[in-house]
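>
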Amino acid sequence: MEETIRFELNGKKTEILLDPKLTLIWVLRTQFGLTGTKFGCGEGICGACTVLIDKVPVRSCTIPVREVAGKKVTTIEGLSINGNLHPVQKAFIEHDALQCGYCTPGMIITAVGLLLKNPAPSEQEILHGMEDNLCRCGAHVRIIKAIQSAAKEMKGGKLS
Amino acid sequence: MKKTGAGKTVSSGSTERAGLRRRDFFKLLGAGIFIIFETWDSFELMALPAEQRRALPADFNAFLWIAEDGSVSCYTGKIEMGQGIITSLAQMMADELDVEMEKVKMVMGDTDLCPWDMGTFGSMTTRFFAPPMRAAAAEARTILLQLGAERLGVPQSQLEVKNGIITDKMNDKNKVSYAELTKGKKIEKHLDIKPNVKDYTQFKIVGKPNLHQDARLKVTGQAKYSGDMLFPDTLFARVLRPPSHGAKLVSADVSEAEKMEGIKVVREGDFIAVLHKNRDKADEAIVKVNAEYSFDEMKVDDKTIFEHLLKTASSVNLIASKGDLATGRQLSETVIDSEFYNSYVAHAPIEPHTAAARMEDGKITVWASTQRPFPVQETISRELGIPLEKVRVNTPFVGGGFGGKSASLQASEAARLAKITGKPVMVAWTREEEFFYDTFRPAAVVKITSGMNKSGKINLWDYHVYYAGDRGSDTIYDVPNAYTTSHGSGSTGPKAHPFGTGAWRAPGNNTNTFARESQINILASKAGIDPLEFRLKNLKDERMIGVLKAVAELFGYTPAKNPSGRGYGIACGTDTGTYVAHIAEVKVDKKTGHVQVVRVACAQDMGLCINPEGSIIQMEGCITMGLGYCLTEEIQFQGGKIDNLSFDAYELPRFSWLPKISTLILDKKDQPPQGGGEPAIICMGGLIANAIFDATGARLFQLPMTPARILEAIKKIG
Ligand code: FES
Ligand code: FES
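This is how it looks when you write it as structure tokens:
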């Protein structure tokens, strides 16, 4: 049965009529055309599909769209504001923290979520926070460096 | 290597390309300067499978286009899957032409726009695609200079080019840009004069670190992959899969699936698919198909596979021979026999095989995550009975390949369904399908008999590799009596593997280097000589010696007999023309068998390095990825049934595994560039096995070195 679901998507109030059981990842990708959220496993294991729901990283392949009703969803497309990249995005470019780039949106969103909770994480805390995001290309070393430098950058109140 | 084929100019309208007539092609591109060149026929030398060895067609292989606005399009059938050629090819193009890097636009893997290419694998882009591309760029520059001289009314020798602007050295107001020159003109030029390619001293962009050109697209989610090619009426498809390789469909009842609203069921013989505009609904429908199978599988599993392979190997191929084995034995004080094994390993890219297909006016366009767009185009044309020029395969960004995105069954499936339904179709494999249909790195066995004299000089080397292939099997050491034999890598004889196998990042070389470098340390330890010293003693190849010394310095290595308890490992090898050596330090928990790799140093001699930043990234990637096949990655199976079909059951390297990585690229600007995407992964098995031995005194003969295998090896030594 279709229902109207209302939520905030990348800063904009949104409503959509659909089957509320549809998985968030496919609704974002298909209904909203936000294809930056990637499908890697569909089982909540790889992290490629991670989005922020009320500032907390969540695997969009594991939850039905009805669960975001009344909440704020941020995807990779919603991180930069008016073309200004988020410090984590900038740091990923500066440190070349990607190869094929397929894990990248999920990595960045997870990192943003981590920094929102803990603005000055230790290396151990970063490793721990990123542990469940998989990257097959082996960009890990640079991802850590990028997150560290973004953390430094963001501590001047630049946190979005 | 001889260059042939270059120098021909194809005139407008006279030649047909697959997909587009030449005439249309010009139309498509508009005005500009055209340089056409063909590839070297050096591929013939490379012992490729017959299918890939096909004579290059008369159509040109690569080209560039300078548009009216001065931008330079570089068309290549190669694809970008994370190896960074979107940057390194652009660097070379920019340097040859003297334009800014930002002006170069890479157009990759589109069968309508790009010249035929057999595929992106084997680290061949820089070695074999780049030289003719650079020659073309050099030629274009020459033509532009000639035009510039005419326009500016001064001799060519009085001109200089910078950022695409030709300037009179005597009068810097007298200048003209490439854009002004090419405007409205289309010029064709023969390449019958030897193109004046720059040498490394003239490079301004090549050899300097350059960040990935595609990075901004990738960090903002704008980069398009095949799965992102969605249309308003796209149908998501799920295809019915057998439970195991070798299972045959006996019957299928699709009635329950058909009852679902909006579901379309397609059935053609054994091929059954369900389609819906929502992916979730297609997922739901496919499990409602009630299917029965008959089973006729091979009776082999992950335990018995090695025995099976040794029995099955019927083809024998002598790779190299030197001296005489009997003599070698006589000259050896100590003779050691070893057997090494490695399991099947998955490619496991984070992007599963994906393809979108759309049929319009009898022409089908397919966007596929593939390393081989042109062979995919040919397959679709053949399978669907659509003429080649009516099949366009497009390759957006590919989310990792590592050799695994070659066969690309998903592209055929999407094309077939788009043709049947008349709608755009998306086939995006689930993780389970991705594991199931992967063409795994083959399980393999290596047997080595080697001998040395009292002072540790190796005099005997009898090397037999089964099913890995011969890449990297050569004796890199200076051994007077050495034989290398490869068994069973051909496709003749009884079936060896219960499922598909194929090329996996540096195919064959991971297995061979693991075996060879382990055996070298076994000898060194027996001789009571430090393993680095032992290698240097038995090596003559200066480049190999060079990388070993470099890595020792980088690591801060001090010699010691193994096992020293320090947990130091060393290994070296060659791949795609590149020399590489690693030293690592590990910690082994003797109670649990858990290994933590503390640090890895790696030195690489790859000749001229086009993009040092990109190459270092590849080295880091190789080291990180390589830890997986060292420590955890192996396919568990019974017959054709694969047991680990998820990331839960098949463990990839994670953040917590990360060693400190230090890398060094030797400055060899005057040498031709060699492969960079694969070499640094080949040593990982031997490196970590040797480090574990140094830490514990226990020798591991099988990859991956799981905690259980490590504990067993520790138990053996008591
Ligand atoms: S796709 Fe959601 S966690 Fe992998
Ligand atoms: S960059 Fe390719 S999976 Fe992470």
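Chains as they are written, first to last, in the working numbering: chain A, 1 to 160; chain B, 161 to 878. Think of the CB as a built atom: it goes at the ideal place given N, C-alpha and C, for glycine as much as any other residue. Only a predicted model underlies this, so the values are computations on that prediction, with no experimental measurement involved.
(1) Would you please state the rounded distance, in angstroms, between the beta carbons of residue 446 of chain B and residue 398 of chain B? I believe it to be under 8 angstroms.
(2) Just to confirm, does residue 595 of chain B get its C-beta within under 7 angstroms of one of the non-hydrogen atoms of ligand 1?
(3) So, does the CB of residue 16 of chain A fall closer than 8 angstroms to a CB anywhere in chain B?
(4) Would you please state the rounded distance, in angstroms, between the beta carbons of residue 92 of chain A and residue 81 of chain A? I believe it to be under 8 angstroms.
(5) Note down, in chain order, each residue of its chain lying with its Cβ closer than 6 angstroms to the Cβ of residue 588 of chain B, except the 5 sequence neighbours on either side.
(6) Residue 800 of chain B and residue 659 of chain B - do their beta-carbons sit closer together than 8 angstroms?
(7) Counting pairs of Cβ atoms below 8 angstroms between the segment 245 to 256 of chain B and the segment 271 to 291 of chain B, do you hit three or more?
(8) Nearest to residue 432 of chain B by CA position, among B/506, B/580 and B/512, is which residue?
(9) Whose Cβ in chain B lies nearer than 7 angstroms to the Cβ of residue 80 of chain A?
(10) Between residue 148 of chain A and chain B, is the shortest Cβ-Cβ distance under 8 angstroms, so that the two count as touching?
(11) Give the C-beta separation of residue 378 of chain B and residue 9 of chain A to the nearest angstrom, bearing in mind that I take them to be a contact with Cβ-Cβ under 8 angstroms.
(12) Determine whether the beta carbon atoms of residue 586 of chain B and residue 390 of chain B lie at a separation below 8 angstroms.
(13) Tell me whether the segment 820 to 837 of chain B and the segment 707 to 719 of chain B touch, counting them as touching only if at least three CB pairs, one residue from each stretch, are closer than 8 angstroms.
(14) With the cut-off set at 8 angstroms, would you say residue 625 of chain B and residue 633 of chain B are in Cβ contact?
(15) To be precise: take each residue of the segment 36 to 67 of chain A, compare its Cβ to all Cβ atoms of chain B, and keep it if any distance is under 8 angstroms. Which residues remain?
(16) According to the Cβ coordinates, are residue 385 of chain B and residue 511 of chain B closer than 8 angstroms?
(17) With which residues is residue 763 of chain B paired in a DSSP beta bridge?
(18) Indicate whether residue 471 of chain B and residue 529 of chain B have their beta-carbon atoms separated by less than 8 angstroms.
(19) With DSSP as the reference, please indicate the residues paired to residue 732 of chain B in a beta bridge.
(20) Would you mind working out which of B/364, B/407, B/866 and B/535 sits nearest residue 279 of chain B, comparing C-alpha positions?
(21) Look at the alpha carbon of residue 810 of chain B and the alpha carbon of residue 141 of chain A, and state the distance between them as a whole number of angstroms.
(22) Which first and last residues belong to the beta strand (DSSP E) in which residue 43 of chain A is found?
(23) Check whether chain A comes within 8 angstroms of residue 509 of chain B, counting only Cβ atoms and requiring the distance to be less than that.
(24) Are the CB atoms of residue 228 of chain B and residue 339 of chain B within a distance shorter than 8 angstroms?
(25) Under 8 angstroms Cβ-Cβ, which residues of chain B neighbour residue 32 of chain A?
(26) By how many angstroms is the C-alpha of residue 857 of chain B removed from the C-alpha of residue 25 of chain A?
(27) Among B/272, B/644 and B/307, which one has its Cα closest to the Cα of residue 485 of chain B?
(28) Give me the subset of the segment 693 to 720 of chain B whose CB atoms are less than 8 angstroms from a CB atom of chain A, sorted by chain position.
(29) With H, G and I counted as helix, E and B as strand and the rest as coil, what does DSSP make of residue 554 of chain B?
(30) Counting beta carbon pairs with one atom in the segment 54 to 65 of chain A and one in the segment 731 to 749 of chain B, are three or more of them shorter than 8 angstroms?
(31) Using three-state DSSP, classify residue 637 of chain B as helix, strand or coil.
(32) So which of B/556, B/537, B/561 and B/876 has the shortest CA-CA distance to residue 571 of chain B?
(33) Which one or two residues does DSSP pair with residue 288 of chain B in a beta bridge?
(34) Going by the C-beta, is residue 104 of chain A closer than 7 angstroms to any heavy atom of ligand 2?
(35) Between the segment 63 to 79 of chain A and the segment 117 to 131 of chain A, do at least 3 Cβ pairs fall closer than 8 angstroms?
(36) Going along the chain, which residues of its own chain have a beta-carbon closer than 7 angstroms to the beta-carbon of residue 311 of chain B, five neighbours each way excluded?
The answer reads as follows:
(1) 4 angstroms
(2) no
(3) no
(4) That belief does not hold up - the Cβ atoms of residue 92 of chain A and residue 81 of chain A are roughly 17 angstroms apart, past 8 angstroms.
(5) 387 and 514
(6) yes
(7) yes
(8) B/580
(9) 380
(10) no
(11) Residue 378 of chain B to residue 9 of chain A, Cβ: 21 angstroms. No contact.
(12) yes
(13) yes
(14) yes
(15) 36, 37, 38, 39, 40, 41, 42, 43, 45, 46 and 48
(16) yes
(17) B/741 and B/824
(18) no
(19) B/741
(20) B/535
(21) 22 angstroms
(22) Counting along the chain, residue 43 of chain A falls outside any beta strand (DSSP E), and DSSP gives it neither H nor E.
(23) yes
(24) yes
(25) Per Cβ cutoff of 8 angstroms: no residues; residue 32 of chain A is ~11 angstroms from chain B at best.
(26) 50 angstroms
(27) B/644
(28) none
(29) strand
(30) no
(31) coil
(32) B/537
(33) For residue 288 of chain B, which the question treats as bridged, DSSP gives no partner whatsoever.
(34) yes
(35) no
(36) 336 and 341
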